[in-house]
Amino acid sequence: MSDGRNQAIPKGGSGFISLAQVLDQSERIRDVVEECAEELSSANAVIKHEMMKRVPLPEVQKALGQSEDVENKVEECAEELSCVNDALEHEVSVRHHLERELDTAREQEQKARHQAFHDPLTGLPNRVLFRDRLDHGLAQAKRHGWFLAVMFVDLDDFEHINDSYGHAVGDMVLQIIGHRLKGTVREEDTVSHQGGGKFLYVFSEVENDRHVTNIVRKIIHTINQPCDVKDEKFNINPLINPHIGIAVFPKDGATADVLIKNADKAMHRAKHTVDGYAFHR
Numbered sequence: 001m002s003d004g005r006n007q008a009i010p011k012g013g014s015g016f017i018s019l020a021q022v023l024d025q026s027e028r029i030r031d032v033v034e035e036c037a038e039e040l041s042s043a044n045a046v047i048k049h050e051m052m053k054r055v056p057l058p059e060v061q062k063a064l065g066q067s068e069d070v071e072n073k074v075e076e077c078a079e080e081l082s083c084v085n086d087a088l089e090h091e092v093s094v095r096h097h098l099e100r101e102l103d104t105a106r107e108q109e110q111k112a113r114h115q116a117f118h119d120p121l122t123g124l125p126n127r128v129l130f131r132d133r134l135d136h137g138l139a140q141a142k143r144h145g146w147f148l149a150v151m152f153v154d155l156d157d158f159e160h161i162n163d164s165y166g167h168a169v170g171d172m173v174l175q176i177i178g179h180r181l182k183g184t185v186r187e188e189d190t191v192s193h194q195g196g197g198k199f200l201y202v203f204s205e206v207e208n209d210r211h212v213t214n215i216v217r218k219i220i221h222t223i224n225q226p227c228d229v230k231d232e233k234f235n236i237n238p239l240i241n242p243h244i245g246i247a248v249f250p251k252d253g254a255t256a257d258v259l260i261k262n263a264d265k266a267m268h269r270a271k272h273t274v275d276g277y278a279f280h281r
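The numbering of the sequence shown is the working numbering, which starts it at 1 and goes up by one.
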């Protein structure tokens, strides 16, 4: 027979085979065994018919008896294989169920981890993840002699949107701005939502104050773009006045706490500037 039923199951060291493949191979073997049983039965029936026409020889009768014994054994094997296949099929079903449960558990774990380290409103890193990223960035900056910038962003007067249009609209505006701010960072940088209209940035490997200034101006320009909320276009400026304070490692601090504190101080100074940003001095 050359219909593929005799394909061998890979043995140890020759490759991985799944339980479903074992079941499929076992079912093919069962089909072959059942086919052999049918062929033996047909052959035995022919022999019996011919023997009825003439006096059978003892050798022929003995051979027929042996053939019928083989037929019975083949049929027993087919029945046993059928039972084995039923058990395998049940095992495959159980395995698939367990795999689905495992996939669900993994998805729930990933969701829980994401929720533990991200702001539920904007999807940006929260305080915990930001602090971890900042500590890692500082360790790298100290090791390689890099400059690092921490920026404190405050959307001043943001509460006016909540008061005038409601918190639902305010949340949508924050989501839009958060999505925009995420687009202003590189893979190695982080922007975090601290709550309300406050955000924190950490930029690694900044070159100098001019480089930082270009980044800040890009952020302010990004924030000031109109927001489309519920078919209504909000002109962010003058509704919201973004102010950014900047602290640079190592001149403005050597620890995360000091850099954040000095960036906060610089942000309050920025509220009295025309450009809307200020370095810690």
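Glycine residues also receive a C-beta, built at the ideal position from the N, C-alpha and C atoms.
Buried or exposed, going by whether 16 or more other CB atoms sit within 10 Å of the CB of residue i?
i	result
Thr104	exposed
His97	exposed
Tyr277	buried
Asn262	buried
Thr122	buried
Gly166	exposed
Asn72	exposed
His90	exposed
Val150	buried
With DSSP collapsed to three states, give me the class of residue i.
i	result
Ile282	One cannot answer for residue 282 here, as it falls past the ends of the chain, which runs 1 to 281.
Pro58	helix
Val209	The sequence shown places Asp at residue 209, rather than the Val named in the question. Note: Asp209 maps to helix in three-state DSSP.
Pro10	Per-residue confidence for Pro10 stands at a pLDDT of 47, beneath the threshold of 50, marking its modelled position as unreliable; the derived number appears in the next sentence. It is coil, neither helix nor strand.
Phe158	coil
His280	coil
Val185	coil
Ala254	coil
Asn224	coil
Gly170	helix
In the DSSP output, what is residue i paired with across the bridge?
i	result
Pro120	Note: Pro120 sits in no beta bridge, so no partner.
Gly241	Rather than Gly, the amino acid found at residue 241 in this sequence is Asn. In DSSP, Asn241 forms a bridge with Asp156.
Met151	Tyr201 and Ile246
Would you kindly report the start and end of the unbroken beta strand (DSSP E) that includes residue i?
i	result
Phe203	Lys198 to Val206
Gly137	It is not in any beta strand (DSSP E) - Gly137 instead sits in the alpha helix (DSSP H) that spans Arg127 to His144.
Asp228	Cys227 to Val229
Val191	Thr190 to Gly195
Starting from residue i, follow the alpha helix (DSSP H) in both directions and report where the run begins and ends.
i	result
Glu232	From DSSP, Glu232 is part of no alpha helix (DSSP H) but of the beta strand (DSSP E) over Glu232 to Phe234.
Val274	No alpha helix (DSSP H) holds Val274; DSSP gives it neither H nor E.
Can you name, in chain order, every residue of its own chain whose Cβ lies under 7 Å from the Cβ of residue i, other than the five neighbours on each side?
i	result
Asp119	Asn126 and His193
Val199	For the record, residue 199 in the displayed sequence is Phe; it is not Val. Only Val153, Leu181, Val191, Ser192 and His193 meet the Cβ criterion.
Lys218	Thr184
Tell me which same chain residues have a C-beta within less than 8 Å of the C-beta of residue i, skipping the five on either side of it?
i	result
Asp189	Tyr201, Val202, Phe203 and Ser204
Ser67	Leu40, Ala43, Asn44 and Ile47
Which residues in the same chain have their Cβ closer than 6 Å to the Cβ of residue i, if we skip the five residues on either side of it in sequence?
i	result
Ala8	Confidence at Ala8 is low in this model, with a pLDDT of 48, below 50, so the placement of that residue should be treated as unreliable; the coordinate-derived value is given next. For Ala8, where only same-chain residues beyond five positions count, there are no Cβ hits under 6 Å.
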